[in-house]
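Written below as structure tokens is the structure these notes are about.
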Amino acid sequence: AIRCGAVVVSPALYPLYDHRNAPPEFRDPVAAAVAEGGGSLFASGVDPGWGNDVLPLLLSGLGSTIDAIRCQEIFDYSTYDQPDSVRHLVGMGQPMDFEPMMLMPSVPTMVWGGQIRMMARALGVELDEIRETVDRRALDTTVTTRTMGEFAAGTQGAIRFEVQGIVEGEPRLVIEHVTRIHASCAPDWPSPPDGGDGAHRVIIEGRPHIEVTVEATDEGENRSAGGNATAVGRLVGAIDWLVEAEPGLYDALDVPLRPAIGKLGRKQP
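Number 338 in this note's numbering belongs to position 44 of the sequence shown; there are no gaps in the numbering.
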């Protein structure tokens, strides 16, 4: 429960990314706790959330016509030292008939559908539906990673999925993930423009055509760590704004992305 004026920020409450359209059984108890005890809650993604909401919406304002908005996370997971998530949640190194939890039907929509709905709301369009597409590729050769060991030839080496917001029969709002365990797998799929280990991209199809790529690094030039750090920065950076705001549930359209006031030149402890 949220009580006594507490401020809570979290990347884990997927249904509350777009709390206005969250299932009542999930939203109502949280809203009741806020009404009873005050406090505020802001949920934003860890993948990172800004790449699927505030950044694409900001860039959309630079165009005269918009045909589609595509948000991409493109990563080589060989440097992502989370073996359980990589091997079981995502399925890297598993037989091709293994169904990873992340790719089970409806799971991508559960996680990213709120951001699709939020973008549609901000753009003033009605969604026909939300669709999912999934593709997987096997490794041609056995590879060994520095952090997680061996991944055998013939096992899953790359995944690609989309969560698509359908507007008037066409996928107009798309959140896409392209994830590999080695750069040699699925070389025809999108890769970071600079050939690095990972990037987040927003592509605005229209006039003009706009592409913006964000490459963040942390913990010894690790891009997985860098991406996670930007997600944390968005959440932590919102706390002082939420303290001053009225109690309630907030989403990425409510909470402004602000300059890093007081942080310029300041070293971390």
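Even for Gly, the Cβ is constructed at its ideal location relative to N, Cα and C.
For residue i, the three-state DSSP class (helix, strand or coil)
i, result
"Gly556", "coil"
"Phe320", "helix"
"Asp375", "coil"
"Ile533", "helix"
"Arg314", "helix"
"Gln409", "helix"
"Thr435", "coil"
"Pro465", "strand"
"Gly385", "coil"
"Val549", "coil"
"Glu393", "coil"
"Ala447", "coil"
"Glu538", "helix"
"Val401", "helix"
"Arg425", "strand"
"Ala523", "helix"
"Arg528", "helix"
"Ala480", "coil"
"Arg415", "helix"
"Ala295", "Its pLDDT being 47, under 50, Ala295 is placed unreliably in this model, and the coordinates cannot settle the point."
For residue i, the residue or residues it bridges with in DSSP
i, result
"His503", "Answer is none; His503 lacks a bridge partner."
"Ala452", "Arg431 and Arg474"
"Leu543", "Leu335"
"Asn516", "Asp512"
"Ser304", "Ala337"
"Gly459", "Ile424 and Leu467"
"Gly492", "Phe369"
C-alpha gap between residue i and residue j, whole angstroms
i, j, result
"Leu351", "Ala546", "11 Å"
"Ala327", "Pro481", "49 Å"
"Ala447", "Asp429", "18 Å"
"Pro484", "Val419", "28 Å"
"Ile296", "Leu383", "The pLDDT assigned to Ile296 is 48, lower than 50, so where the model puts this residue is not dependable; a value taken from the coordinates is nonetheless given after this. About 30 Å."
"Ile424", "Glu367", "19 Å"
"Gly500", "Pro465", "14 Å"
"Glu538", "Gly331", "16 Å"
"Gln376", "Ser358", "42 Å"
"Ser372", "Ala329", "45 Å"
"Thr438", "Tyr374", "13 Å"
"Gly236", "Leu353", "The structure shown does not extend to residue 236, since the chain is modelled only from 295 through 563, so no value can be given for it."
"Ser400", "Met442", "29 Å"
"Ile460", "Met413", "12 Å"
Closer than 8 Å: residue i CB and nearest the ligand FAD heavy atom
i, result
"His382", "Absent from the structure shown: the ligand FAD. Ligands present: none."
Pair within 9 Å by beta-carbon distance, residue i and residue j
i, j, result
"Leu421", "Leu467", "yes"
"Gly355", "Tyr311", "no"
"His476", "Asp361", "no"
"Ala416", "Cys479", "no"
"Ile453", "Pro502", "no"
"Gly343", "Pro305", "yes"
"Ala493", "Arg517", "yes"
"Thr449", "Pro389", "yes"
"Ile469", "Asn315", "no"
"Val303", "Leu551", "no"
"Ile363", "Val496", "yes"
"Val549", "Phe336", "yes"
"Glu426", "Glu462", "no"
"Leu436", "Glu444", "What sits at residue 436 in the sequence shown is Thr, not Leu. Going by C-beta atoms, Thr436 is nearer than 9 Å to Glu444."
"Ala523", "Asp534", "no"
"Pro541", "Ser334", "yes"
"Val380", "Leu543", "no"
"Ala510", "Gly520", "yes"
"Val506", "Leu349", "yes"
"Gly490", "Met386", "no"
Interface flag, residue i vs chain B, CB-CB below 9 Å
i, result
"Ala337", "Annotation note: the requested chain B is absent from the structure, which comprises a single protein chain."
| field | In chain order, each alpha helix (DSSP H) run of at least 4 residues that lies wholly inside the region 323 to 383 | value | Runs of the alpha helix (DSSP H) inside the region 323 to 383: 348 to 354.
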